[in-house]
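Asks: I have a structure here, written as structure tokens, and I will follow up with some questions on it.
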Amino acid sequence: MFSRATSLPAVCECLIKAAYDPRVAGLFIKVGLLSCGWAKVEEIRRHIDFFRQSGKFTIGYMERGNEKEYFLLSACEEVYLPPSGSLGLRGLSVSATFLRGTLNKIGIEPQVRRIGKYKSAGDQLLREDMSEPQREQLTALLEDLYSGFVAGVAKSRSKAENEVIDMLEEGFVDTESFREGGWVTDLKYMDELIDMVKERQKVDKKKKLKRVTLRRYASVSPSAFGLGAGKVIAVIRASGSITGAQMAQAGSITTKQTIREIQQARDNKAVKAIVLRVDSPGGDALASDIMWRELQKAAVEKPVIASMSDVAASGGYYLAMAASKIVAEGLTITGSIGVVLGKFSLQELYKKIGVGKEMLSKGRYAEILAESRSFSKEEEEYFTRLAEHSYTEFRNKAAECRGMATEEMQELAQGRVWSGRRAADVGLIDAVGGISRAIAVAKQAADIAPDKPVRLMELSRQKGSPLEALQGAGAMAGTLTWVLFLLFGLGSLIKSRGQEGKADFVIDAALAAVGLAGPLLQSKQSDVEYLMEDVSLDDGPAKDVAPQAVLDESLMAASGNLPPLLRDLISKLL
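Each residue of the sequence shown is one higher than the last, beginning at 951 in our numbering.
Spelled out as structure tokens, the structure:
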């Protein structure tokens, strides 16, 4: 069974081990509501497909779920719901919230410069509705996600794609309709499923069925099945927002930590290749460039392959483009080669709440970031030039890394986001697949025979210690001040309108406005997933899959399943 605390690496590795373990008769997956992105679900589905090739049974069960949960479970041979279960298969949608009208009412003026007509990162602050470029790219992403869902479900459930579309359009409201249509195998409660498995496995009904959770099974050594030997490939995670802060913070990618990991992998003679696992919507441009440079230096010594997870956009793509080859899932969100710079002018808000502020300065542009007033005409021109320069640097480096003419990259850049599948079509990435395919590509680049297993060296430790967390909190004080001002104004507006029940929404919107909450399509940080198909860049879609590598725990800095404080202590002792 999957648990809420089970990481992606553990899920994927356990499925491979279980396929080879003669003690394991089958797989029972109970799924709750998922918070991960679609690309990670694709990776798990691929590992379920691999497990099914062992000939062992696969049963999926959920009490309630929607499209993402069903997409995962549909990879199982059998899917069950309780008779009173809830399955909402109605189609897919994306939405965007715009705060410009609210900000105007409370006296906050966002002053944002975006280079690239598709760069919509500031739209929620600047606009009251969706721009046509944003509508265009979100529509394309939605179409790719929808077609990926339809194709995946159709293949797994042995249906035609038009049947899947008809089912979504029908809007079933009862579980019996899903059973009659063949979308679920049957309607059974959990205890009935256990009895069914007992009967199939010829286990006495009075005896307990021998079960092992994934968390417990994760402790089984891969070497027991001949999966723990071979040459070493280092895996470096780049998960979260990119920051130039020196102190490591949870949910962020810092230059100091990441560069140390890159150098460790580069200097370790046992490491034959490096796989950079990117799951980031971007962030600090300078930090992205410094890490990009370090990756390029490492690529001179040994192959560097980028593997994109749910999101590798803007600064996330900046990191990935340093690799010689880039692999992404079909539903990965990537691209966004563009620049956004800006500040808030709180001049009118200060007047409303009685705040006075004076600033003394020397230099024409010394007050350009002052929040107490708007840009002057000269400052506005300077700020625009600054954004244009940053964009030109990003676009030109992307063109050089991908072997394109600047004019060609300009057509693909301009802040546009792409699905992994479309990014492969236009040349922003090299192949579609999960980290398992990236490992296969790394083997090929390192002249490791396709039939030879490899071990994975996990270099990315849990970010941050208790002391660093306190220091990081101090560094956040300035940003939190902005949040307090914004919440003060929004809170006053809520009370005046008698809308106290909408406080949670407003808090989320306020945090998003200052960059403390993810944008529309940003995924939550999650562990990377490892492992499987033996395919190269020259191959088409993977058909036959074979184990590619397993995580060698002896090479890890510390187990990711330990409590944070204990994990930090072990990391320091090691």
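Yeah, the Cβ is synthetic: ideal placement off N, Cα and C, and Gly gets one too.
By Cβ distance, which residues of its chain are closer than 6 Å to Gly1041, with the 5 residues on each side in sequence left out?
Replies: So the list reads Leu1118, once near-sequence residues are dropped.
Asks: Determine the DSSP secondary structure at Ala968, reduced to helix, strand or coil.
Replies: helix
Asks: Return the CA-CA distance between Gln1297 and Val1185, expressed in angstroms with no decimal places.
Replies: Going from the Cα of Gln1297 to the Cα of Val1185 covers about 48 Å.
Asks: Across the region 1223-1241 and the region 1366-1376, are there enough close Cβ pairs to call them in contact, namely three or more that are closer than 8 Å?
Replies: Short answer: they don't touch.
Asks: What is the DSSP secondary structure of Lys1219, counted as helix, strand or coil?
Replies: coil
Asks: Can you check whether the CB of Lys1275 is closer than 9 Å to the CB of Ala1396?
Replies: Not closer than 9 Å, so no.
Asks: Do Val1289 and Ala1337 count as a contact pair if the criterion is CB distance below 9 Å?
Replies: yes
Asks: Taking C-beta to C-beta, are Ala1249 and Ala1392 nearer than 9 Å?
Replies: No.
Asks: Give me whichever residues DSSP pairs with Ala1262 in a beta bridge.
Replies: Looking at the DSSP assignment, Ala1262 forms a beta bridge with Ser1230 and Thr1284.
Asks: Can you tell me the Cα-Cα spacing of Glu1142 and Ser1264, whole angstroms?
Replies: 49 Å
Asks: Out of Asp1260, Lys1206 and Asp1229, which one is the CA nearest neighbour of Ile950?
Replies: Since the first residue shown for the chain is 951 and the last is 1524, residue 950 is missing from the structure and cannot be characterised.
Asks: If distances are taken between C-alpha atoms only, which option among Lys1055, Phe1048 and Gln1087 comes closest to Asp1079?
Replies: Phe1048
Asks: Pick helix, strand or coil for Ser1169, following the three-state DSSP scheme.
Replies: coil
Asks: If Phe1001 and Ala969 are in contact, beta carbons under 8 Å, what's the gap, nearest whole angstrom?
Replies: The Cβ separation is near 5 Å, so the contact holds.
Asks: Would a C-beta distance cut-off of 9 Å place Val1254 and Ala1272 closer than the cut-off?
Replies: yes
Asks: Opposite Phe1344 in the DSSP bridges: which residues?
Replies: DSSP, once it has assigned bridges, lists no residue as partnering Phe1344.
Asks: Measuring CB to CB, does Phe1325 end up less than 9 Å from Gln1074?
Replies: no
Asks: Quick check on the burial criterion: 16 or more other C-beta atoms within 10 angstroms. Buried or exposed for Thr1089?
Replies: exposed
Asks: For a quick check, are the C-beta atoms of Gly1010 and Leu1022 less than 9 Å apart?
Replies: Yes.
Asks: Taking the alpha-carbon positions, what's the Ser1322 to Leu1053 distance?
Replies: 15 Å
Asks: Output the distance between the C-alpha atoms of Pro1403 and Lys1158, rounded to the nearest integer angstrom.
Replies: Going from the Cα of Pro1403 to the Cα of Lys1158 covers about 37 Å.
Asks: Between the Cα of Tyr1030 and the Cα atoms of Gly1132, Ser985, Gln1214 and Phe1333, which residue gives the shortest distance?
Replies: Comparing Cα positions, the closest option is Gly1132.
Asks: Return the CA-CA distance between Leu965 and Thr1284, expressed in angstroms with no decimal places.
Replies: 28 Å
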